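Enquirer:
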Amino acid sequence: MAEEVIGESLANAAAEGESRAHSEIFSERLLVLLDDVLAGRAPNAGRFCGYCYHPLAPERASCPHCGRSTSEWAPAAAVPRAVFAMHRRRRGREGLVVRTIAWGGLTIGVIVALLPFVLADVTWWSVLAFFGLLFGFYVLSANLANSVGDALGYRWGQAIVRREWDKFRAARDGVEPHD
Ligand SMILES: [Zn+2]
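Quick note on my numbering: the sequence shown kicks off at 206 and runs consecutively.
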C-alpha cells in the first residue's frame, strides 16, 4: 500500500517535470537570473519584458516568453522588488518541504533503528541492524526528498507565486485577481 502511494507520487513527479515549463509564469531564463541576483552573482539591470520580465535582447520588439510586444508593454530596466520577494518565498517553501521530508525520514529511521535495542539486548546483530536500518532510512529519505519532496515543494512554491503574481498584477495593471 505504502509502496503504491510512493510509486504514484514518483509517477506524478515525473509527469510534473514535463509540464513544468508550460505552467510557469516566469521564464526559465528569468528564474536563473532571479536566483543569481538573490545570490549576489548578477546585477538587477538590463532590458526586461514589461509584462513577465523575461530578459530581452536590445533589438527584441516582442517577448519570446509571453509574446507581448514592447510597444504595448514598455520594457523595464530592472526586475521589480516584489518579483524577487515572491521568488524568495517560493524558493524558501521549496527548500522547507524537501528538508522536512529528509529530516522527517531520518528521524523515523533513528527511532526504528533503535527498536532492536529496546526489544532485545545489545548483541552483534542488534548493532548490525541499527546501522543497516539507519543506512536504509537515510537512502530512502534522501530519495523521497528529491522526488516527492521536490514535486510537492514545486507545487506549493508555484501556488505562492501564482497567488502573489495575481496580487502584483492587480496593483501594477489594475486587473482583478484571477484575470
Ligand atoms: Zn514577457
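Note that CB positions come from ideal geometry on N, CA and C, so glycine has one too. In this text, all values refer to a predicted model and were calculated from it rather than measured experimentally.
#1: What does F253 pair with, by DSSP beta-bridge criteria?
#2: What do you reckon, are the CB atoms on V288 and G358 nearer than 8 Å?
#3: Would you call the region 301 to 320 in contact with the region 338 to 353, where contact means no fewer than 3 C-beta pairs closer than 8 Å?
#4: Could you check whether the region 234 to 252 touches the region 283 to 298, counting it as contact only if at least three pairs of C-beta atoms, one from each stretch, sit closer than 8 Å?
#5: For R298, does the count of other Cβ atoms within 10 angstroms reach 16, so buried, or fall short, so exposed?
#6: Counting only the same chain and skipping the five closest in sequence on each side, list residues whose C-beta sits under 8 Å from that of W370.
#7: Determine, using beta carbons only, whether G255 and T275 come nearer to each other than 8 Å.
Expert: Taking the definition as stated:
#1: Partner(s): P260 and A281.
#2: No, the Cβ-Cβ distance between V288 and G358 is not below 8 Å.
#3: Output reads yes: the region 338 to 353 touches the region 301 to 320.
#4: The region 234 to 252 vs the region 283 to 298: in contact.
#5: Counting Cβ neighbours within 10 Å, R298 comes out buried, since at least 16 surround it.
#6: Excluding residues within five positions, the ones whose Cβ falls inside 8 Å are I230 and M291.
#7: The answer is yes: Cβ separation under 8 Å.
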